[in-house]
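There are 2 protein chains.
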Amino acid sequence: MVEKTFESIYTTLKDRILAGKYSIKMRLPIEDDLIAEFEASRYAVRKAIRQLADDGLVYSVKGRGVVLLEHTPQTQKFNLNLGQLAGIKALNTDKTLDYRTDVVSFTQEIVDADLSTKTAFEIGIPVYAIKRVRLFNGKRAVIDINYFNAQLTPGINAEIARKSIYHYLQHDLKIKIAVVKRMLRVDSAEMVDLKYLDLGQNNCVGNMISIAFNDTGRQFEYTESHFIPNEFVFNQLIRN
Amino acid sequence: MVEKTFESIYTTLKDRILAGKYSIKMRLPIEDDLIAEFEASRYAVRKAIRQLADDGLVYSVKGRGVVLLEHTPQTQKFNLNLGQLAGIKALNTDKTLDYRTDVVSFTQEIVDADLSTKTAFEIGIPVYAIKRVRLFNGKRAVIDINYFNAQLTPGINAEIARKSIYHYLQHDLKIKIAVVKRMLRVDSAEMVDLKYLDLGQNNCVGNMISIAFNDTGRQFEYTESHFIPNEFVFNQLIRN
DNA sequence: GAGTGGTCTAGACCACGGT
DNA sequence: CCGTGGTCTAGACCACTCC
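For the record, the sequence lines run as chains A and B.
Numbering follows UniProt numbering, in which position 170 of the first sequence is assigned residue number 170; successive positions increment by one, without gaps.
Numbering follows UniProt numbering, in which position 155 of the second sequence is assigned residue number 155; successive positions increment by one, without gaps.
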């Protein structure tokens, strides 16, 4: 894997920023200087800078230059290093932590009007309906309620659900997860939460609702992840 | 304000997508066709497409084309139309809703070690410490706990806090809010929440922790927004 | 092999910030 | 006014998808 020009510029600049090499001036060198230093085009330099801005490390001001955003040990945890969220990411990917998964129900259903309203799947199509409890260090911290379009993700079974559905989708079915859209809410705990989660005194849950799309633009999944308070953090970056 | 080339392409394509003009093929025209249609360069066309991808409307696949993501009335609420979050945005901007703000405390403090650890402000600098309750339709839905660096945002007072601090910062102090970084959590309710929020039966709150930077890269604000369950939604888009 | 988006270059002009 | 990033063009080659 040859490193692309802009990637090499990006990683070099990122390393320097994190090492504090530019922090006195609170500025990046101007584009022309970076072009000269890396012997690259303006396109490559600007693409690298855009990526640094996506990371929340710099901010470009027309007429002034590329400004470094202050960062301290305390503000590190606001950065999006781990993708977009710190806690729950592992659940939908391959990452292994110290956790266990219990499949509490696995059924195949046909989407009716109610389920269609909730999941946005068409009425009449078959889906896998799965409930799984995620235990972190023995504590029941998350319940995942999944609906997978069975036409787009055939062959899921309870054994796969216990291990990793995403591993199966990506490695066996060769499905590419293109985009995931999410809504985050805080909900009052319901029956399913009280039954399956170690809420302690708390009577609310976080609710991360995700819909996922493959690279043909089709939505193949609707998932609600209910999680206990005080354990998970989500990061966000807003630019003007 | 003259519309830029890429903006005109972007809005035209966005309108067409939302009107369903491309939905049969589930594809955008190829770049060369868009270049011909809009008599623009590849740069402008690609920048417009990137913006559509930022909106979660399309996804580009090398060798295949630009794919439309399925969207239904149900999935509209997953889109980031309102910036990045549906509910609380109004609080930190100028938007007027049917809400009232009560300033429950307004003090000037010097940052000590504890506050520095929390807010990332340097020990010894003066800050405005503000607590405000936001009432929506008479319901105490949010408590904002702000700390503003008084050196960077001088002149804030209780009257400004009651109206709009951001309006004051932007219009009077001419401060540009460049970047806001956020963490979202679900916390067990504490004293301050029980005291000031209409939690009903719930004993948890959502906690949106924000740090904001001006266009010189300086962090001028640390804010915790505690909000009641079941009322607010945050949207997120993750791309691979 | 043909078609398509991704990367890259060289160059021009514009808009904004600061002196 | 000068310096800077933002927009825009024209063109080339590469990497991937699909037939």
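All residues carry an ideal CB built from backbone N, CA and C; glycine is no exception.
Within a 10 Å sphere around the beta-carbon of valine 2/B sit fewer than 16 other beta-carbons, which makes this residue exposed. Linking aspartate 54/A to proline 73/B through their CA atoms gives a straight-line distance of about 30 Å. Of all alpha-carbon atoms in Ser23/B, Glu7/B and Gln151/B, the one lying nearest the alpha-carbon of lysine 47/B is that of Glu7/B. Pairwise C-beta distances place the segment 150-170 of chain A in contact with the segment 121-134 of chain A, as three or more of them are shorter than 8 Å. Under the Cβ criterion of 9 Å, tyrosine 59/A is counted among the residues facing chain B. Separation of the CB atoms of isoleucine 175/A and glutamate 224/A is rounded to 21 Å, and the pair is thereby denied contact status at 8 Å. If you ignore the 5 residues before and after leucine 237/B, its C-beta comes within less than 7 Å of the C-beta of Gly56 and Leu80, all in its own chain and listed in chain order. By the C-beta density criterion, tyrosine 222/B is buried, having at least 16 other C-beta atoms within 10 angstroms.
Threonine 119/A places its beta carbon less than 9 Å from that of tyrosine 147/A. Counting other Cβ atoms within 10 Å of its Cβ, leucine 18/A stays below 16 and is therefore classed as exposed.
Listed along chain B, the residues sitting closer than 9 Å to arginine 182/A by beta-carbon distance are Phe78, Phe234, Asn235, Gln236, Leu237 and Ile238. If you draw a straight line from the Cα of valine 233/B to the Cα of glycine 200/A, it comes to about 24 Å. Between leucine 69/B and phenylalanine 121/A a beta carbon distance of about 15 Å is seen, past the 8 Å cut, so the two are scored as non-contacting. Beta-bridge annotation (DSSP): serine 60/A is paired with Val66/A. Shown here, glutamine 201/B sits in coil according to DSSP, grouped into three states, outside any helix or strand. Leaving aside the five residues that flank alanine 161/A on each side, the residues in its chain whose CB is nearer than 7 Å to its CB run, in chain order, Val103, Phe106, Ile130 and Arg132.
Nearest Cα to glutamate 37/A within the set Thr5/A, Ser23/A, Gly20/A and Arg64/A: Thr5/A. Residue pairing of arginine 46/A in beta bridges, as defined by DSSP: absent, with no partner found.
Looking at the backbone, the Cα of glutamine 170/B and that of glycine 217/A are separated by about 40 Å. For tyrosine 10/B, the enclosing alpha helix (DSSP H) stretches over residues 5-18. Residue state for tyrosine 22/B is assigned as coil, using DSSP reduced to three classes. Scanning the segment 103-142 of chain A from its first residue to its last, the whole beta strand (DSSP E) runs of 3-plus residues come out as 126-136. Taking CB atoms only, asparagine 146/A has no neighbour in chain B less than 9 Å away.
Secondary structure in the segment 134-183 of chain A: the alpha helix (DSSP H) runs of 4 residues or longer, each lying completely within the stretch, are 158-163 in chain order.
Secondary structure of phenylalanine 78/A (DSSP, three-state): helix.
The Cβ of glutamine 201/B sits closer than 9 Å to at least one Cβ of chain A. A Cβ-Cβ separation of about 6 Å places leucine 13/B in contact with leucine 52/B under the 8 Å criterion. Taking C-beta atoms as the reference points, isoleucine 228/B and valine 186/A count as a pair closer than 9 Å.
Annotation for isoleucine 238/A: no alpha helix (DSSP H) segment contains it, though the beta strand (DSSP E) segment containing it runs 234-239.
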